[in-house]
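The sequence shown lines up with residues 17 to 361 when you count with this note's numbering. Even glycine gets a Cβ: it sits at the ideal position worked out from N, Cα and C. The structure presented is a predicted model; accordingly, all values stated were derived computationally and were not measured.
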Amino acid sequence: MIYFILFQFGVKSSNKEDDQSWPVSIVIAARNEDKNIKTCLDAIIKQDYPIFEIILVDDHSSDETLRIAEGFKTYFPDLKIVQSKNKGKKSAVKTGIQEAQYEYLLFTDADCQPRSSTWIKNMMLYFDENTSIVIGYSPYQFNHSLINYIQQYETLLTACLYISAVHFYRPYMAVGRNLAYRKSVFTKSSQFNTHLNLLSGDDDLLIQEMATRDNTKVCLQPDAFVDSKPKRQLKSFFFQKLRHISTSDHYKWKDKLLLGLFHFARLGIFTGFLLLILWTEHQMLATISLLCYFILLQAVLFRPCKKLGITGIIFYIPVIEVFLVGFHLVLIFYKLFLSKKIKWK
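Here's what the structure looks like:
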């Protein structure tokens, strides 16, 4: 419960600065995104910000992504479309950074959409002379389905961990769907180039190497949220998460230990209660204790849910928590023993 109680206080924004309008380069990596790229570019082009450019990096798409994107150039000349030099998201992101003309970089994905027209402005408010990295939040679009509730809750837990770490521990990860940093941070980083073969990690490995409590801030302004298109099938979500954790082997040992303890504790709770209910004479006491645990879990997660705008899942947390513990167990087992090549797109 220590982890969950810390979530009460750790899910918060950092202190922001006075209004400032440094030029920004928006970097988007895309592969076969003809169903999403129009919505994404529409939302970004309409941003209320004085000077910004969009770098769209195409990772060898075989659909209509390029044709649709080219159509935006006629009324937004600061859109630059380039071809990734090699295949893979990390290579595409690297190409985008190299093509960017401004020091401040802001990243999102082609299947995402800024929630408001002040996304850039709100993210940039957290930079100052000592800040090099600003971590944002990117929830999934909400709909009333079980798979969506699972995605919402899993995203909540992940966000609680990495946001709290910025304030109480040190930054260890971020999500590339809503992340800003200075170009000089990328230039100084050695991890990015040494792990271009990995499926993911354009965000995590840079944070692992370059982020500290002193140079990193968190922006949790609702107008700075970037909504991501949810997966419709559990299988698709599973392989998305498998790709996301593919870089965890490269985390620092302290981070792996703390994350491992968190998931082991959640598994231990249910294993312990299940054993008590099935093989002891204390079934009633164990059942009541488990129900109390669920109530406490809902209580301590209420504030983070409210802060991140997903209070609609509070009632379902006990059921989703049980499912997600098993989901994570299968995910780890698959990664360790049944790993196979998973493509970005």
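Item to complete: Please list, in chain order, all residues of the same chain as K101 whose beta carbon is under 7 Å from its beta carbon, the five residues on each side excluded.
Response: Position 85 of the sequence shown, counted from the first residue, corresponds to residue 101. The residues are S107, T111.
Worksheet item: What residue range is occupied by the uninterrupted beta strand (DSSP E) comprising A196?
Response: Here residue 196 refers to the residue found at position 180 when the sequence shown is read from its first residue. For A196, the uninterrupted beta strand (DSSP E) run begins and ends at 195-198, by DSSP.
Worksheet entry | At least 3 beta-carbon pairs within less than 8 Å: the stretch 129-143 vs the stretch 51-61 | The stretch 129-143 vs the stretch 51-61: in contact.
Worksheet item: Which runs of the beta strand (DSSP E) fall wholly inside the stretch 225-300 and span at least 3 residues, in chain order?
Response: Taken in chain order, the whole beta strand (DSSP E) runs of length 3 or more contained in the stretch 225-300 are 232-234, 242-244.
Worksheet item: Candidates H160, V98, L121, Q168: which alpha carbon is nearest L317's?
Response: As a first step, residue 317 is located in the sequence shown; it is residue number 301 there, counting from the start. Comparing Cα-Cα distances from L317 to each of H160, V98, L121, Q168, the minimum goes to Q168.
Item to complete: Would you list, in sequence order, the uninterrupted alpha helix (DSSP H) runs of no fewer than 4 residues that lie entirely inside the stretch 135-207?
Response: DSSP runs (the alpha helix (DSSP H)) wholly in the stretch 135-207: 135-140, 162-184, 199-204.
Fill in: Straight-line Cα distance separating Y153 from I333
Sequence index remark: in the sequence shown, residue 333 carries index 317 (1-based). Sequence index remark: in the sequence shown, residue 153 carries index 137 (1-based). I333 and Y153: Cα-Cα distance of roughly 20 Å.
Worksheet item: Just how far apart, CA to CA, sit K251 and S180?
Response: Here residue 251 refers to the residue found at position 235 when the sequence shown is read from its first residue. Here residue 180 refers to the residue found at position 164 when the sequence shown is read from its first residue. Their backbone Cα atoms lie some 29 Å apart in a straight line.
Worksheet item: By DSSP, does Q24 sit in helix, in strand, or in coil?
Response: Numbered from its first residue, the sequence shown carries residue 24 at position 8. In this structure, DSSP gives Q24 a helical state, which the three-state scheme calls helix.
Discussion item. Can you check which of these residues, L294, V335, L291, is closest to F310 by C-alpha distance?
Written reply: Walking along the sequence shown from the start, residue 310 turns up at place 294. With distances taken between Cα atoms, F310 lies closest to V335.
Discussion item. Using the three-state DSSP reduction, which class does E337 fall into: helix, strand or coil?
Written reply: Indexing the sequence shown from 1 puts residue 337 at position 321. For E337, the secondary structure class from DSSP, reduced to helix, strand or coil, is helix.
Worksheet item: Under a Cβ-count criterion, where at least 16 other Cβ atoms within 10 Å of its own Cβ denotes burial, should S161 be classed as buried or exposed?
Response: By one-based count along the sequence shown, residue 161 stands at place 145. Per the 10 Å Cβ criterion, exposed.
Discussion item. Suppose you measure from the CA of V182 to the CA of A196; what does that come to, to the nearest Å?
Written reply: What you label residue 182 is simply residue 166 of the sequence shown in a count that begins at 1. What you label residue 196 is simply residue 180 of the sequence shown in a count that begins at 1. If I take the Cα positions, the gap works out to 15 Å.
Worksheet item: Does the Cβ-Cβ distance between I84 and F202 come in under 7 Å?
Response: Residue mapping note: residue 84 aligns to position 68 of the sequence shown, counting from 1. Residue mapping note: residue 202 aligns to position 186 of the sequence shown, counting from 1. Not in contact: I84 and F202 (Cβ atoms no closer than 7 Å).
Worksheet item: Using 8 Å as the Cβ pair cut-off and three pairs as the minimum, do the stretch 29-38 and the stretch 137-150 touch?
Response: Proximity of the stretch 29-38 to the stretch 137-150 meets the contact definition, three or more beta-carbon pairs being nearer than 8 Å.
Practice prompt. Compare the C-alpha of A281 against each of P187, R259, L294, E337 and name the closest.
Written response: Walking along the sequence shown from the start, residue 281 turns up at place 265. Just measuring C-alpha positions, the residue of P187, R259, L294, E337 sitting nearest A281 is E337.
Worksheet item: If you run the structure through DSSP and keep just helix, strand and coil, what is Q69?
Response: On the sequence shown, residue 69 is found 53 positions in, with the first residue counted as 1. It is worth fixing the name first, because residue 69 is Glu in this sequence and not Gln. DSSP, reduced to helix, strand and coil, places E69 within a strand of the structure shown.
Fill in: Span of the beta strand (DSSP E), counted from its first residue to its last, around K96
The residue you call residue 96 lines up with position 80 of the sequence shown. Per DSSP, K96 belongs to the beta strand (DSSP E) from 95-99.
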